[in-house]
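Report on one structure; see the data block that follows.
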Amino acid sequence: MHRLRGGDAGALKAAADLLQRGELVAVPTETVYGLAAHARDEVAVRSIFTVKGRPLLDPLIVHFASLEQVSQVCEVSSASQLLADRFWPGPLTLVLPRKADCPIPDLVSAGKPTLAVRIPAHPLFRQLLQESQLPLAAPSANPFGYISPTRPEHVEDSLKTGVAAVLDGGPCEHGVESTIIEVTAEGRVRLLRPGPLSLESILALPGIEEAGAEPLDDTAPVAPGMLKSHYRPSKGILLFTGSPTNAAPGDAVVFLARPENPAAHQFWLSERGDEGEIAHNLFHLLRQLDGMAEIARVYVEMPESNAGVLKAVRDRLNRAATPPD
Ligand code: AMP
Ligand code: MG
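Going by my numbering, the letters in the sequence shown line up with residues 248 to 572, in that order.
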């Protein structure tokens, strides 16, 4: 896998050329690194599933440069338009009805009548969408079920074959995957996956109301981000609040904020418990600990608050701590 440095002349053009030829390119986004392919190229899309070991039933998010491009493939209702105007570009994915003549292959959305779409905010990814003029299907650039990548080296470390290049945009700002919202036919919204943009901020928008709790499409899982076990490191993750009373000497202990007198094998996600910093560092620290041979298990402090991005942090930690069935 080549590393294309985002600031280098020619890097974007090289990435766009690879994508146009049907190759896979890992790209920086403001959430996590994505594994991008030309979304209308069914062969390229199929290779995303192969490289990640992702089941074909797990639909992908498609990224666009503009709302005009989105409206060529999906029905954009007035509620969707409100959300797009307010939150795009940004870390919000909308699940919208496909248009009857939608040119995106069914494989992208696992045969569903809906498509997950997003206009990202990361400057390099936006420039790539402009340069290539392609819709880009891009799930997180990690083996299925493992921790999402938030730095280019995470992609290089865990995807060894099938990826032509990674576009280096440095560490991702948010560090957790986008918020996914389904917009129902009645124009109401339903949270499918918590992320950097909170449901509270979405519902604060005049004209936006929450739909009932039951997903319209109950052929679950609607979003594999919703699988009970996901985002798993290979070491056992154990959650605690207060103090980790059962931690043994070989275990790492991860606190939300820096402890006063940190002992060996104690780590922290932020200096003072800032929620944005906690999310930003979460996957990077879990990966580092996963690679440390002297550490047996990892105890992680669970945020008590469910507000803002901490809802997403709690969600990812709960899944990381759940063993597969
Ligand atoms: P990833 O990019 O790997 O974080 O995964 C994208 C997420 O979007 C997955 O959890 C998908 O199931 C979800 N998703 C994509 N398309 C749809 C759709 N049409 N309906 C519901 N969820 C979707
Ligand atoms: Mg993923």
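For glycine and all other residues, C-beta sits at the position ideal for the given N, C-alpha and C.
Cβ-heavy atom distance, residue i to the ligand ZN, below 6 Å
| i | result |
| --- | --- |
| PRO338 | This structure does not include the ligand ZN; its bound ligands are the ligand AMP and the ligand MG. |
Proximity to residue i [Cα-Cα], best of the options
| i | options | result |
| --- | --- | --- |
| GLY337 | HIS421, MET539, LEU529, TYR546 | HIS421 |
| ALA357 | ALA368, GLN319, ALA286 | ALA286 |
| GLN328 | ILE484, ARG435, VAL279 | ARG435 |
| PRO491 | GLU456, ARG333, VAL501 | VAL501 |
| ASP255 | SER313, ALA504, LEU414, ALA385 | LEU414 |
| GLU403 | GLY442, GLY392, ALA388, LEU452 | ALA388 |
| PHE487 | LEU438, THR431, ARG561, SER448 | ARG561 |
| ALA385 | GLU524, LEU564, LEU266 | LEU266 |
| SER410 | PRO506, TRP515, LEU282, TRP335 | The residue asked about is misnamed: residue 410 is Val in this sequence, not Ser. Of the candidates PRO506, TRP515, LEU282, TRP335, the one whose C-alpha sits nearest the C-alpha of VAL410 is LEU282. |
| SER445 | GLY523, GLY538, VAL320, PRO571 | GLY523 |
| LEU341 | VAL274, ALA331, SER405, GLY416 | ALA331 |
| HIS401 | ALA261, ARG563, HIS531, ARG566 | HIS531 |
| LEU564 | ALA347, PRO344, ILE394, LEU339 | ILE394 |
| PRO370 | ALA347, GLU433, ALA326, THR276 | THR276 |
| LEU339 | TYR546, THR278, CYS349, PHE391 | THR278 |
Strand pairing of residue i, partner residues [DSSP]
| i | result |
| --- | --- |
| HIS369 | Answer is none; HIS369 lacks a bridge partner. |
| TRP515 | PHE502 |
| TYR546 | LEU485, VAL500 |
| ILE308 | ALA363 |
| ARG252 | ASP415 |
| VAL272 | ALA283, ALA412 |
| PRO491 | According to DSSP, which records beta bridges pairwise, PRO491 is partnered with nothing at all. |
| PRO352 | According to DSSP, PRO352 bridges with nothing at all. |
| THR340 | ILE427 |
| GLU457 | VAL436 |
| ARG345 | CYS321 |
Contacts around residue i, its chain only, beta-carbon distance under 6 Å, and the 5 residues preceding and following it disregarded
| i | result |
| --- | --- |
| HIS249 | ALA412 |
| SER552 | none |
| ALA291 | GLY269, ALA284, HIS285 |
| ALA559 | VAL423, PRO441, GLY442 |
Burial state of residue i (16 or more Cβ within 10 Å)
| i | result |
| --- | --- |
| ASP465 | Bear in mind that the predicted position of ASP465 carries a pLDDT of just 48, short of 50, making it too unreliable to give a figure here. |
| GLU429 | buried |
| ALA263 | buried |
| ARG534 | buried |
| ASN508 | exposed |
| GLY497 | exposed |
| ASN493 | exposed |
| GLY555 | buried |
| GLY442 | buried |
| LYS407 | exposed |
| LEU450 | exposed |
| PRO396 | buried |
Cβ-based neighbour list, residue i, same chain, cut-off 7 Å, excluding 5 preceding and 5 following
| i | result |
| --- | --- |
| GLU289 | PRO352, LEU354 |
| LEU259 | GLN374, LEU375, GLU378 |
| PHE311 | VAL317, VAL364, ILE366, LEU376, PRO382 |
Neighbourhood of residue i by C-beta distance below 8 Å, restricted to the same chain and skipping five residues each side
| i | result |
| --- | --- |
| GLU447 | ALA554, GLY555 |
**Any beta strand (DSSP E) of 3 or more consecutive residues that is wholly inside the segment 376 to 448** = 412 to 415, 426 to 430, 436 to 440
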